[in-house]
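Single-structure report; data block below.
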């Protein structure tokens with residue numbers, strides 16, 4: 001019997017042991033269940049009660065002694081079906097509560113904020129979280145873009161910018177070199193201005209709305225997200241100065 005499957009649908013290891021023991025023994029007392037299932041005598045009644053509530057066990061009393069038995073294995077399918085219905089109801093209830101939860105989240109956001117995201121998945125989360133908050137009037141500036149970085153980062157940013165364009169957000173990009181495939185793809189994008197400038201460091205810096213993102217694409221990718229009006233203004237000024245001397 002695949003006990004892991006039973007565990008995945010919501011039964012504890014103790015419940016699985018007791019249920020399978022009941023199937024083998026048929027109608028029996030707690031003493032025999034404890035012996036066969038190797039369950040603590042102090043926990044047996046608690047486990048049996050949970051199985052009964054789930055409809056997977058029942059009992060009768062004979063001469064003042066309780067005899068327990070397992071429900072048909074078909075009942076496991078019924079239990080799973082009931083669980084799925086319950087999850088569906090909970091999902092619908094959560095959908096109704098979601099606007100209120102999002103309101104609480106927005107109210108709790110600080111004026112100043114710093115977050116560090118590690119790994120490719122973290123990197124992906126950081127840039128798409130920032131994109132969600134960008135509005136058409138927002139400003140997206142990116143400098144330090146390396147055309148020859150890993151292909152998975154190039155594809156990720158192409159997807160990101162496709163979504164940006166759907167939101168009608170303009171951007172300016174400063175590449176470290178021109179003529180690469182990645183560079184040419186971005187040069188043809190709508191709402192996108194591209195220039196190049198030499199002497200770019202290994203890390204990139206982006207201004208997205210009221211945030212600054214410092215991005216590293218090394219062995220362990222990372223994104224430092226800073227929400228601070230003074231820092232955002234400093235990076236914007238620095239970008240604009242570079243933009244003036246960069247080549248089209």
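Numbering (the working numbering), first residue to last: 1 to 248. Yeah, the Cβ is synthetic: ideal placement off N, Cα and C, and Gly gets one too. Here the structure is a predicted model, which is why all the values come from computation and not from measurement.
If you check the CB distance, residue 243 and residue 174 come in under 8 Å. The C-beta distance from residue 59 to residue 68 rounds to 5 Å, short enough to meet the 8 Å contact threshold.
For residue 143, the pairing in a beta bridge is given by DSSP as 174, 205.
Within the stretch 10-70, the alpha helix (DSSP H) runs of at least 4 residues that lie entirely inside it are, in chain order, 13-25, 30-37, 44-53.
When secondary structure is reduced to three states using DSSP, residue 237 falls in the helix class.
Taking residue 55 as reference, the option from 72, 120, 90, 115 with the minimal CA-CA separation is 72. Under the DSSP assignment, residue 8 falls in the alpha helix (DSSP H) whose first and last residues are 3-8. Put simply, the stretch 231-245 does not touch the stretch 118-138. Fewer than three CB pairs are less than 8 Å apart. Under a 10 Å Cβ-count criterion, residue 154 is classified as buried, with 16 or more other Cβ atoms of the shown protein chains found around its own Cβ. Residue 22 sits buried, since 16 or more C-beta atoms from the chains shown fall within 10 Å of its C-beta. With respect to the C-alpha of residue 77, the residue from 40, 6, 30, 49 having the closest C-alpha is 6. In its chain, beyond the 5 residues on either side, 222, 223, 224, 225 have a beta carbon closer than 8 Å to the beta carbon of residue 116. For the options 231, 118, 209, 167, the alpha carbon positioned closest to that of residue 217 is the one of 118.
Short of 6 Å from the beta carbon of residue 142, and not among the five residues preceding or following it, lie these beta carbons of its own chain, in chain order: 173, 206. Assignment of residue 103 by DSSP, reduced to helix, strand and coil, places it in the helix class. For residue 115, the enclosing beta strand (DSSP E) has its first and last residue at 113-118. Ranked by Cα distance from residue 144, the first of 198, 9, 95, 120 is 198. Judged by their CB atoms, residue 48 and residue 37 are not nearer to each other than the 8 Å cut-off. Straight-line measurement puts the Cα of residue 208 at about 14 Å from the Cα of residue 240.
Considering only 166, 31, 17, the residue with the shortest C-alpha distance to residue 136 is 166. Residue 39 sits close to residue 18, with the two beta carbons spaced by under 8 Å.
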